[in-house]
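Chains G and P, in that order, give the protein sequences. Okay, so the first sequence: first residue is 739 according to the numbering used here, each after it adds one. Okay, so the second sequence: first residue is 739 according to the numbering used here, each after it adds one. By construction, the Cβ of each residue, glycine as well, lies at the ideal position given by its N, Cα and C atoms.
Protein chains: 2
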Amino acid sequence: MNTDNTKSQMRKGMLEYCIMLLLHRQPCYANDIIQRLHEAEMIVMEGTLYPLLSRLKKDGLLGYEWRESTQGPPRKYYTLTADGQEALTQLDAGWEEISRTVNFLKQ
Amino acid sequence: MNTDNTKSQMRKGMLEYCIMLLLHRQPCYANDIIQRLHEAEMIVMEGTLYPLLSRLKKDGLLGYEWRESTQGPPRKYYTLTADGQEALTQLDAGWEEISRTVNFLKQ
DNA sequence: TACAATACCTTGTATCGCAAGGTACTAAAG
DNA sequence: CTTTAGTACCTTGCGATACAAGGTATTGTA
């Protein structure tokens, strides 16, 4: 079997939650997010992250501001909006529910 | 925002894991699975479950046997194969990893 | 024989993660 | 001034999945 694929599927949707958890603490730009999630043992690809950030921005959950960089082009620093905070609260509940379900099934 | 969709996405892939956790304990047929997962607060649709069971069967993770029913047509009772047990162990590790990641990000 | 209940399965749609590739800006080297 | 390397942002095409809706087959009862 290809458990890698299944594990990848298990991460689906979790990414959105993890990114919002991250931005809840501090503004980040794309490479920040990739690196910090990597430290948390969650691998994210660029091709996954950018469309996700754009979607959350479009849904009003994220905002961003441009900041200059000393070593290259300017960066988009994303932050949680008020709606984003509220959505995060609901996703916290969703995570708790999944967690309860798994622990219940595992006994 | 539509957090329902996000929650649905968060469950993606988890379903496979939860079903295997369930079958690890006892053989079940489709409606058993739907009902037991419902008790564990995880909603599954028929149109989701049947293709998933077929796929796991095809991958050699599940086997099944027909059993007569006193109230209707016979039922397919699915069980975990040896390969399925092994895959379940790997998925346990995957779940632990995700769980660690989320808890790390939540501090 | 007709009908309802149960059980299994298929098709079409939307969404997502990912690999690959592309564009634009900055700074340093020639 | 031009070229090159590095950084940052974004898009396209593909495979996989959950779900809604609809279909088929078997059983028992009226």
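Whole-angstrom C-beta distance between residue j and residue i, which should lie under 8 Å
i          : j          : result
Lys-745(G) : Gly-798(P) : Not a contact, Cβ separation roughly 18 Å.
Leu-760(G) : Arg-774(G) : 6 Å
Thr-819(P) : Leu-843(P) : 36 Å between Cβ atoms; not a contact.
Chain G within 9 Å of residue i, Cβ atoms only
i          : result
Arg-749(P) : yes
Gln-828(P) : yes
Tyr-755(P) : yes
Chain P contact for residue i (CB, 9 Å cutoff)
i          : result
Thr-786(G) : no
Ala-825(G) : yes
Leu-818(G) : no
Within chain P, partners of residue i - CB distance below 8 Å
i          : result
Leu-759(G) : Val-840, Leu-843 and Lys-844
Residue i, enclosing beta strand (DSSP E) - first and last residue
i          : result
Thr-817(P) : 813-818
Leu-799(P) : Per DSSP, Leu-799(P) belongs to no beta strand (DSSP E) and is neither H nor E.
Residue span of the alpha helix (DSSP H) that contains residue i, given as start and end
i          : result
Gly-785(G) : 784-796
Met-748(G) : 741-749
Neighbour-count burial assignment, residue i, 16 or more Cβ in a 10 Å radius
i          : result
Met-783(P) : exposed
Ala-825(P) : buried
Tyr-788(G) : exposed
Gly-751(G) : buried
Thr-808(P) : exposed
Per-residue contacts from residue i into chain G (C-beta, under 7 Å)
i          : result
Met-723(P) : Nothing in the structure corresponds to residue 723(P), since chain P is present only between 739 and 845.
Gly-810(P) : Residues of chain G passing the Cβ test: none, with the nearest at roughly 27 Å.
Chain-ordered chain P contacts of residue i [CB-CB under 7 Å]
i          : result
Met-780(G) : Thr-839
Cross-chain neighbours of residue i in chain G, by beta carbon under 8 Å
i          : result
His-832(P) : The question names His, but residue 832(P) in the sequence shown is Gly. Correct list: Thr-741, Thr-744, Lys-745 and Met-748.
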